[in-house]
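Asker:
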Amino acid sequence: MSLEQFKLAQKYADLQQQYLDRHTQVIDQGVTPLVQRHGKTLINFSSNDYLGLVSHQAITAATVDYLKQHGIGAGAAHLVTGHHTIHEQLEQRLAQITGYPKAMLFSTGYMANMGVIDALMGNLSDSKDGIIYQDRLNHASLLDGGRLSCAKLRRYPHLDINQLNAWLNQDSSAQKLIVTDQIFSMDGTEAPLHDLIKTAEQHQAALMIDDAHGFGLRTQPLPKVDIYMGTLGKAIGTFGAFVAGSELLINYLKSRARTFVYTTATPPLIAAATLAALDVIAKEPWRQLKLQQHIGRLRSALMGQGWQLLPSQSAIQPIIVGNAEDTLALSAKLLEQGILVSAIRPPTVPRGTSRLRITLSAAHTDEHISQLISALARVCHQLA
1 MSLEQFKLAQ KYADLQQQYL DRHTQVIDQG VTPLVQRHGK TLINFSSNDY
51 LGLVSHQAIT AATVDYLKQH GIGAGAAHLV TGHHTIHEQL EQRLAQITGY
101 PKAMLFSTGY MANMGVIDAL MGNLSDSKDG IIYQDRLNHA SLLDGGRLSC
151 AKLRRYPHLD INQLNAWLNQ DSSAQKLIVT DQIFSMDGTE APLHDLIKTA
201 EQHQAALMID DAHGFGLRTQ PLPKVDIYMG TLGKAIGTFG AFVAGSELLI
251 NYLKSRARTF VYTTATPPLI AAATLAALDV IAKEPWRQLK LQQHIGRLRS
301 ALMGQGWQLL PSQSAIQPII VGNAEDTLAL SAKLLEQGIL VSAIRPPTVP
351 RGTSRLRITL SAAHTDEHIS QLISALARVC HQLA
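Now the structure itself:
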């Protein structure tokens, strides 16, 4: 047996030369707003814990209570004996919150996106001649779902509804699926949902949105689409994902979404934690307000410092740097000042657009934001 045929040594050396190799960053303790790493306390601006719920006492208490009564694992796949009463309660709650007739749980957002797209457009369906239209900056899970399905995949320029309409005008296939992130994970920009809904209706296409970075952050649900996917490991602070839609859609997916059918259900205690988190969000609306205040303050300060920002009004605030080497260097300079901000490089983002990806949380204090702004000002001064 040998791995030499894959030329891994040369491939990895090439990654290192381009500053594109990656390493896990071990956190000793904490999530948001502070973490301990290698004995040093850092302000964490690289977490998706947008509402600061990961360490909330009420959620922890609900999880521990369930653990003591019921244990940890689900024991089987959802379709065997792994679907517990608490799972069912959570699915009903998620359907109610999003305003759809029915919802179903998936182990991860990646599995949800892969499973849904393949079930609708893949080899198990009659959609081999269908076309999937995706925003060019969609998350990898959406793109991989399209590739897995073996249906034709067309990627329109980011947010370019005109190009999407032009392609749809030429499309005579019977089955058309438009797929988009709602908030784009590396840009923070938001899809023009009303225009997409109008486009889908005009061309009799189905519309699927991935709201991983938006679910839980809005006071009002989005307009309805055919397929809604949300995650639970970001603003909700727990783990997993769900898909919401019509009763027919969910019933079909439970029979045909391979990433649901052929995997063990998530631990029921995660469902208990998620229900508690949804209660906290309903009872503590100040969290969304605090997050919006942080976003406005940071954007104003960074524009004043001259950084290249993207038009994001979300908790994701990228600073475009350009090449991977410079981006890593800037991240390291911030780390020296006790600020943890991830350097995002290709292939996660297009070449030439490496960036510092700042993510904000309601758990950050005003002083944390001040320290971030001051640290970026010092770095900016060093570059001048």
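For what it's worth, full-length UniProt numbering labels the leading residue of the sequence shown as 1, then goes sequentially.
Where is the CB? At the ideal position from N, CA and C, for every residue including glycine.
Which residues in the same chain as ALA206 place their Cβ atom closer than 6 angstroms to its Cβ, once the five residues preceding and following it in sequence are excluded?
Answerer: The answer, listed in chain order, is LEU177 and ASP226.
Asker: Which first and last residues belong to the alpha helix (DSSP H) in which LEU207 is found?
Answerer: First-last for LEU207: 206 to 210, but that is the beta strand (DSSP E), not the alpha helix (DSSP H).
Asker: In whole angstroms, what separates the C-alpha of VAL179 from that of ARG258?
Answerer: Cα to Cα, the separation comes out at about 19 angstroms.
Asker: Say whether chain B places a C-beta atom closer than 9 angstroms to the C-beta of LEU253.
Answerer: Of the protein chains in the structure, only one exists, and it is not chain B.
Asker: Only counting runs of 4 or more residues, tell me where the alpha helix (DSSP H) segments fall wholly within the stretch 266 to 292, in order along the chain.
Answerer: Correct list: 268 to 283.
Asker: In the DSSP assignment, what residue or residues form a beta bridge with ALA77?
Answerer: Beta-bridge pairing links ALA77 to THR264.
Asker: Note down the Cα distance separating residue 385 from TYR66, rounded to an integer number of angstroms.
Answerer: Past the boundaries of the shown model lies residue 385; the chain is included only from 1 to 384, so the question cannot be answered.
Asker: Would you mind sorting ILE131 into buried or exposed? The rule is 16 or more other CB atoms within 10 Å of its CB.
Answerer: ILE131 is buried by the Cβ-count criterion.
Asker: Where does TYR252 fall in DSSP's three states?
Answerer: Note: TYR252 maps to helix in three-state DSSP.
Asker: Would you decide whether TYR110 is buried or exposed? Buried here means 16 or more other CB atoms lie within 10 Å of its CB.
Answerer: Its Cβ being crowded by 16 or more others within 10 Å, TYR110 is buried.
Asker: Opposite GLY230 in the DSSP bridges: which residues?
Answerer: Note: GLY230 sits in a beta bridge opposite PHE242.
Asker: Considering only C-alpha positions, which residue in the set LEU42, GLN25 and GLY52 is nearest to GLY233?
Answerer: Measuring from the Cα of GLY233, the nearest candidate turns out to be GLY52.
Asker: If you pair each beta-carbon of the stretch 326 to 344 with each one of the stretch 302 to 312, do three or more pairs fall below 8 angstroms?
Answerer: These segments do not touch.
Asker: Suppose you measure from the CA of residue 390 to the CA of LEU253; what does that come to, to the nearest Å?
Answerer: The shown model of the chain, from 1 to 384, leaves out residue 390, and the question about it has no answer.
Asker: Work out the CA separation of ILE209 and LEU124 for me, nearest whole Å.
Answerer: Low confidence applies to LEU124: its pLDDT is 48, below 50, so where it sits in the model is not reliable, and the reading given next is rough at best. Distance between the alpha carbons of LEU124 and ILE209 is about 22 angstroms.
Asker: DSSP beta-bridge partners for GLY318?
Answerer: In the sequence as displayed, the identity of residue 318 is Pro instead of Gly. DSSP output for PRO318 lists ARG357 as bridge partner(s).
Asker: Mind listing, in chain order, the continuous beta strand (DSSP E) runs of no fewer than 3 residues lying wholly within the stretch 133 to 170?
Answerer: Qualifying beta strand (DSSP E) stretches, in chain order: 152 to 156.
Asker: Work out the CA separation of GLY214 and THR231 for me, nearest whole Å.
Answerer: Whole-angstrom Cα-Cα distance: 9 angstroms.
Asker: From the DSSP output, which residues share a beta bridge with LEU340?
Answerer: Note: LEU340 sits in a beta bridge opposite ASN44.
Asker: Where do the N-terminal and C-terminal ends of the alpha helix (DSSP H) with THR60 fall, by residue?
Answerer: Start and end: 57 to 70.
Asker: According to DSSP, simplified to helix, strand and coil, what is ARG378?
Answerer: In the structure shown, ARG378 sits in a helix (DSSP, three-state: H, G or I).
Asker: Excluding sequence positions up to five away, which residues of its chain have a Cβ less than 8 angstroms from the Cβ of THR41?
Answerer: The answer, listed in chain order, is LEU34, VAL35 and GLY338.
Asker: Would you call ALA362 buried or exposed, if buried means 16 or more other Cβ atoms sit within 10 Å of its Cβ?
Answerer: So ALA362 counts as buried.
Asker: According to DSSP, is ARG37 part of a helix, a strand, or is it coil?
Answerer: In this structure, ARG37 counts as strand in the three-state DSSP scheme.
Asker: In three-state terms, what does DSSP make of LEU309?
Answerer: In the structure shown, LEU309 sits in a strand (DSSP, three-state: E or B).
Asker: How would you call VAL349, buried or exposed, if buried means at least 16 neighbouring beta carbons within 10 angstroms?
Answerer: The residue in question, VAL349, is buried, as its Cβ has 16 or more Cβ neighbours within 10 Å.
Asker: Can you check DSSP and say which residues form a bridge with LYS176?
Answerer: Answer is ILE131, bridged to LYS176.
Asker: According to the Cβ coordinates, are THR63 and TYR228 closer than 9 angstroms?
Answerer: Their beta carbons are not under 9 angstroms apart, which means THR63 does not touch TYR228 by this criterion.
Asker: Return the CA-CA distance between ALA282 and LEU298, expressed in angstroms with no decimal places.
Answerer: Cα to Cα, the separation comes out at about 26 angstroms.
Asker: Are the CB atoms of ILE373 and GLN317 within a distance shorter than 9 angstroms?
Answerer: Taking 9 angstroms as the Cβ cut-off, GLN317 and ILE373 do not qualify as a contacting pair.
Asker: Of the residues ALA9, ILE270 and ILE236, which one's Cα is nearest the Cα of HIS84?
Answerer: The shortest C-alpha separation from HIS84 is found at ILE270.
Asker: Nearest by alpha-carbon distance to residue 386: which of GLU284, THR60, PRO267 and SER55 is it?
Answerer: The question about residue 386 has no answer here: the residues shown for the chain are numbered 1 through 384.
Asker: I'd like to check one pair, LEU291 with ALA315: are the Cβ atoms closer than 9 angstroms?
Answerer: Taking 9 angstroms as the Cβ cut-off, ALA315 and LEU291 qualify as a contacting pair.
Asker: Starting from the Cα of ALA61, find the closest Cα among GLU367, ASN165 and ALA277 and give me that residue.
Answerer: The shortest Cα separation from ALA61 among GLU367, ASN165 and ALA277 belongs to ALA277.
Asker: In this structure, does DSSP put ASP28 in helix, strand or coil?
Answerer: Coil at ASP28, not helix or strand.
Asker: With burial defined as no fewer than 16 other Cβ atoms inside 10 Å of the residue's Cβ, what is the status of ASP160: buried or exposed?
Answerer: Exposed, because fewer than 16 other Cβ atoms sit within 10 Å of the Cβ of ASP160.
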